[in-house]
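With full-length UniProt numbering, the residue at position 194 of the sequence shown is 194, and numbering never jumps. Beta carbons: idealized from backbone N, C-alpha and C, even for Gly. Predicted model only: the values in this text are computed from it and were never measured.
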Amino acid sequence: MKVLVLGSGGREHALCWKLARSPLCQEVLCAPGNVGIGAVARCVPVAPDDGPAVVALAREEGVGLVVVGPEAPLVAGVADALREAGIPVFGPGRGAARLEESKAFMKDIASEAGVPTAAYASFTDPEAAKAYIRKQGGRLVVKADGLAAGKGVILCDTPDEAVAAVDLMMNDRAFGASGDTVVVEEFLEGEEVSFFVLCDGTRAIPLAGAQDHKAVGDGDTGPNTGGMGAYSPAPVLTPELQQRVMAEIIEPTLATMAARGTPYSGVLFAGLMVSADGPRLLEYNVRFGDPECQVLMMRLDSDLLPALLASAQGDLSGVDLTWSAGTALVVVMAAEGYPGTPRTGTEIRGLERAAATPGVQIFHAGTRPGPDGSIVAAGGRVLGVAAGGSTVAEARERAYEAVDRIDWPEGFCRRDIAWRALER
């Protein structure tokens, strides 16, 4: 069949790369894609959040499955438009996508489902939020309720910092309308892990765990980003802990969403904090993580296409996935200035030399064609340099060897990806 992937980032490049390897796949299309995706898929200039245009493209091309990459088209209801047109789609409808669209909604669902999570309160009035903060005292987390490209979460060591975070979001409107409501949470201590499951509306099957690196600088310093690197598997997510996550977090959430009349279908990404008391839910995302998707696709031995199709058709009962025993790791190369205003338009050289490194796959996240066949930076996070290895040390060595073969003076990366796994 033909498969249409919506999106233009590193996550979508990884999905297109994996789907193109399926013997069941006739062709992969990507809307709109990027210059790297063009090597494995046919890029089509259609906006991924334009429901009527996506439906028209899928009909015109005879697409058998649409895979929605980013959250914005899901929140815009593109999956609903495709389902109404009778086109199989991998991704939740708009009602279920509220799990990521609204952090306050997600916390309310978790509370209703009895899912272990941080104590919280949500506010539309900044003065009420500040009064709550002063009453709580200590370390807190302040979150913009809406979508903020992974940047709307501020960790606060003191009440004064939390009050300043409220002002930044609600009065200065640093995240626009996403900060009209804020969620204030208790600060959880422990180790973060990303866990992914495939859902068909009533059941879920586990994919794998990964660990992301949100801070821009080595040693987890500096402001949060969309993710500067990841690796899988995550040693902290033991088989026993995974069983607890399924039983205590994932399954109650699916049951609650189904009971509300918004059954969840697609991939569900649970951001978890693991402490001595066990796993607690930090957040849900309604799509694959980026850059976690890159390492999951590198490790997945099974054919991805039948699994996504089974989810879209509402029956995962026959799906059984296998994973490589080794480690996959990705280092994100970002443009100078990120996560503020990135410097774009700079030429990236040496990509072919880097891709020739054993075990390495390079995923494009923010690139475009330049003059005379060159490739230039077109975003903040620009490349995902991924590598597989029998150990985390081997995967990391290969990834950084490839990074060092790339000639891009205006780019930078963290040099300590997977430091937690190596410490273990």
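Within the DSSP secondary-structure output, Glu-251 pairs in no beta bridge. Per DSSP, His-364 is one residue of the beta strand (DSSP E) stretching across 360 to 364. In the DSSP assignment, Phe-105 falls within the alpha helix (DSSP H) that extends over 103 to 113. DSSP places Tyr-132 outside any beta strand (DSSP E); the residue lies instead in the alpha helix (DSSP H), whose first and last residues are 126 to 136. A distance below 7 Å between beta-carbons, with the five flanking residues on each side excluded, links Pro-92 to the following residues of its chain, in chain order: Leu-74, Ala-79, Tyr-264, Ser-265, Gly-266, Val-286. According to the DSSP assignment, Val-40 belongs to no alpha helix (DSSP H), since it is labelled neither H nor E.
The Cβ-Cβ distance between Val-35 and Ile-249 does not fall below 8 Å. Gly-152 is the residue among Leu-188, Gly-152, Val-319 whose C-alpha sits nearest the C-alpha of Ala-177.
Taking the Cα positions, Ala-144 is about 43 Å away from Asp-372. Within its own chain, the residues whose Cβ lies closer than 8 Å to the Cβ of Val-392, once the five positions on either side in sequence are excluded, are Tyr-231, Thr-327, Leu-329, Ala-418, Ala-421, Leu-422, listed in chain order. The distance from the Cβ of Gly-271 to that of Ser-390 is about 28 Å, inconsistent with a contact at the 8 Å cut-off.
Of the residues assessed, Ser-275 falls on the exposed side of the cut-off, its CB having fewer than 16 other CB atoms within 10 angstroms.
Residue burial is scored here from C-beta neighbours: Lys-103 has at least 16 other C-beta atoms within 10 angstroms and is therefore classed as buried.
By the Cβ test, the region 5 to 15 is in contact with the region 27 to 43, since at least three Cβ pairs between them sit closer than 8 Å. Taking 8 Å as the upper bound for CB-CB distance, Ala-377 and Thr-341 are not in contact here, some 13 Å apart. DSSP places Asn-34 in the coil class of the three-state scheme, outside both helix and strand. Ser-178 carries a helical assignment under DSSP once its states are collapsed to helix, strand and coil. Exposed is the label assigned to Lys-135, since fewer than 16 other Cβ atoms lie within 10 Å of its Cβ.
Note that the C-beta distance between Tyr-284 and Leu-296 is not below 8 Å.
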